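Have a look at the structure below, then the notes.
Protein chains: 2
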Amino acid sequence: MPAVASFRSERATPATGLTRSRRTAAGTHSPLGQRVVDALRKALFSGSYKPGERLVEDRLASEMGVSRVPVREALRVLAAEGLIDIAPRRGATVTALSSVAARDTIEVRATLEGLNARLAARRHSPATAAALESVLAMGGRAMAKRDARTLNTLNARFHDVLANAGGNAVLAEIMRTLRTRTTSFFAEMSRKRAKETWEEHAAIVRAVIDGDEALAELLATRHVVNAGAQVIAAIGGPAQ
Amino acid sequence: MPAVASFRSERATPATGLTRSRRTAAGTHSPLGQRVVDALRKALFSGSYKPGERLVEDRLASEMGVSRVPVREALRVLAAEGLIDIAPRRGATVTALSSVAARDTIEVRATLEGLNARLAARRHSPATAAALESVLAMGGRAMAKRDARTLNTLNARFHDVLANAGGNAVLAEIMRTLRTRTTSFFAEMSRKRAKETWEEHAAIVRAVIDGDEALAELLATRHVVNAGAQVIAAIGGPAQ
DNA sequence: TGCCAAAATATTGTATACAATCGGCCGGAC
DNA sequence: GTCCGGCCGATTGTATACAATATTTTGGCA
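Protein chains in written order, with our numbering: chain C, 71 to 310; chain V, 71 to 310.
The structure is reproduced here in structure tokens:
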């Protein structure tokens, strides 16, 4: 069974003679390559593919009902994000994050989340405060309901909102990438740490709203370190 | 005149009947896509293409003597590195770093270089010390000769060696990317600041070798901020 | 003259075809 | 039995062809 659903069930009717008929036709199709990226990213996050597993272009193309060209381009993009590895002439494999790489990633993330929280505190405004409080409230409700799935989504949302509050687009983009690379690991154990996670989120928000740069930085950094320590303990131990 | 040289002057002789003749033939050709990436990166750094300029696939393909396929894949890679922008159906353009984006990039770079210097100081060893001193010495010689071109190369080398000394591969990769994005700006004015640059380099190395984490971090961060301030003053001013 | 629509052109997006290389499998020599 | 060399299937790399969309040009009209 294909791990990803085909989004082009029928052929693009090449027989139809409507060359350049109506423009904009029905809905602006985003390029297939982009859609393949999204589909693969989703599949990777959901754990459909295991680390180290080979991603054969032809198979992916069939599963999605497209040719190999968009698949290849999608694979390059995912490789740039660090989600897969591509070896020349040997194809793509799902990145198997070593415990060393995990530790390195967390170390960088901790620092950058700290910087971002500091910036957010420096530039705090009523608007960002409201956005942060909103996500925080939703997180609280989801936790009360033990809704782990929503909680994961909200966790990502929280970090996105916080990144926006920092006001540094370059920083936000890098943090997003680093986060996606470790998503699978953190998702695994986030259930166990849900309570602590959202308490830490709340504390960070408070510091940001208070404009306390140093505290915001400290808490955000520690937040990543805390979660990271648990991840590393779970998967890496001394050496993987 | 093409901005990049063709590395395939003659066709791949498709008429020749040698199907799978000798294996490995003459030298292991790296994939064309990779070579196109290298060629384009070089061209972008050398300033052959101006910010905002369109990069038409067909033209690039002709100039390099390859088909559009490797060119397209190369463009995706460069887009992921932030060197170019790709808009669907509208092609690729050379990234025009706004003054805001420049400031953001420098802010992140400053923090990460600081983190890396701290790590390098923590993990300092005779081997890394020797490597750092070596680049430092070469930089001194190049500066004595007023060899601006070599100096630029050595500057990149210095930061690479320092990144290695930090021992965090993820961090090193991110810093490398950030550095490439701002290369053109820094190259412009590095001549004026050559003396200060290498004095700062020397100070950082000393702190690293001494294992003085806090000082190494401070100096490395300040190094980026100092150079960055000059860049921003030159290009951005209050608003670009 | 200036502006709008529609054809003509340029360029990107996708599919298919073929070439090149990798990895495993088989057979023979020692 | 094991190791080496070469065939064979599987898979990636590249080129070409065509389809779809963006951009420019052109022509008519107010």
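Virtual Cβ for every residue (Gly too), placed ideally from N, Cα, C.
Here the structure is a predicted model, which is why all the values come from computation and not from measurement.
- Going by DSSP, V139 of chain C is part of the alpha helix (DSSP H) stretching over 138 to 151.
- Near chain C, meaning a CB-to-CB distance below 7 angstroms, the residues of the region 221 to 239 of chain V are N238, A239.
- The beta-carbon of L185 of chain C is placed less than 8 angstroms from the nearest beta-carbon of chain V.
- By the neighbour-count criterion, in which 16 or more other beta carbons inside 10 Å mark a residue as buried, R261 of chain V falls on the exposed side.
- Straight across, the Cα-Cα distance linking A233 of chain C with T198 of chain C is about 10 angstroms.
- The C-beta of I244 of chain C comes closer than 8 angstroms to at least one C-beta of chain V.
- Spatial neighbours of E123 of chain V in its own chain (CB-CB distance under 6 angstroms, excluding positions within 5 residues in sequence) are listed in chain order as V164.
- Annotated three-state conformation of V164 of chain C is strand, per DSSP.
- Interface criterion not met: the Cβ of R111 of chain V is under 8 angstroms from no Cβ in chain C.
- The beta carbon of L289 of chain V sits closer than 6 angstroms to those of A273, I274, A277, all from its chain and outside the five residues before and after it, given in chain order.
- The way I'd put it, the region 106 to 122 of chain V does touch the region 132 to 141 of chain V; three or more beta-carbon pairs between them come closer than 8 angstroms.
- Per DSSP, D282 of chain V lies in no beta strand (DSSP E) segment and is marked neither H nor E.
- Interface with chain V (8 angstroms Cβ-Cβ cutoff): D108 of chain C is excluded.
- Cβ neighbours of A201 of chain C within its own chain (closer than 8 angstroms, five residues either side excluded): V231, N234, A235.
- Residues of chain C whose Cβ lies closer than 8 angstroms to the Cβ of V126 of chain V do not exist, since the nearest Cβ in that chain is about 17 angstroms away.
- Chain C places a beta carbon closer than 8 angstroms to that of T175 of chain V, counting this residue as a contact.
- The DSSP-derived three-state label of D217 of chain V is coil.
- At a cut-off of 8 angstroms between beta carbons, P140 of chain V makes no contact with chain C.
- Straight across, the Cα-Cα distance linking I176 of chain V with V295 of chain V is about 7 angstroms.
- Interface flag for E287 of chain C against chain V is unset, since no Cβ pair is found closer than 8 angstroms.
- Measuring C-alpha to C-alpha distances from L167 of chain C to each of C:F228, C:F255, C:H293, C:T267 identifies C:F255 as the nearest.
- Here the alpha carbons of M259 of chain C and V301 of chain C stand approximately 7 angstroms from one another.
- In chain order, M213 place their CB closer than 8 angstroms to the CB of K265 of chain V, counting only its own chain and leaving out the 5 sequence neighbours on each side.
- For R251 of chain V, the secondary structure class from DSSP, reduced to helix, strand or coil, is helix.
- In this structure, DSSP gives R159 of chain V a state outside helix and strand, which the three-state scheme calls coil.
- Taking all protein chains in view, the Cβ of A284 of chain C is surrounded by fewer than 16 other Cβ atoms within 10 Å, so the residue is classified as exposed.
- For R193 of chain V, same chain residues with a beta-carbon under 6 angstroms away, outside a window of 5 residues either side, are G237 in chain order.
- Contacts with chain V at 8 angstroms (Cβ-Cβ) include T181 of chain C.
- Here the alpha carbons of R263 of chain V and E270 of chain V stand approximately 11 angstroms from one another.
- When C:F115, C:R142, C:L221 are compared, the shortest CA-CA separation from G161 of chain C is found for C:R142.
- Taking C-beta separations shorter than 7 angstroms and ignoring five residues to either side along the sequence, the partners of N222 of chain C in its chain run A257, S260, following chain order.
- Here A286 of chain C really is in contact with R188 of chain C; their C-beta atoms are around 6 angstroms apart, less than 8 angstroms.
- Taking all protein chains in view, the Cβ of A190 of chain C is crowded by 16 or more other Cβ atoms within 10 Å, so the residue is classified as buried.
- The Cβ atoms of T267 of chain V and A180 of chain V do not sit closer than 8 angstroms to each other.
- Not flagged as an interface residue toward chain V: V301 of chain C, since no C-beta distance is shorter than 8 angstroms.
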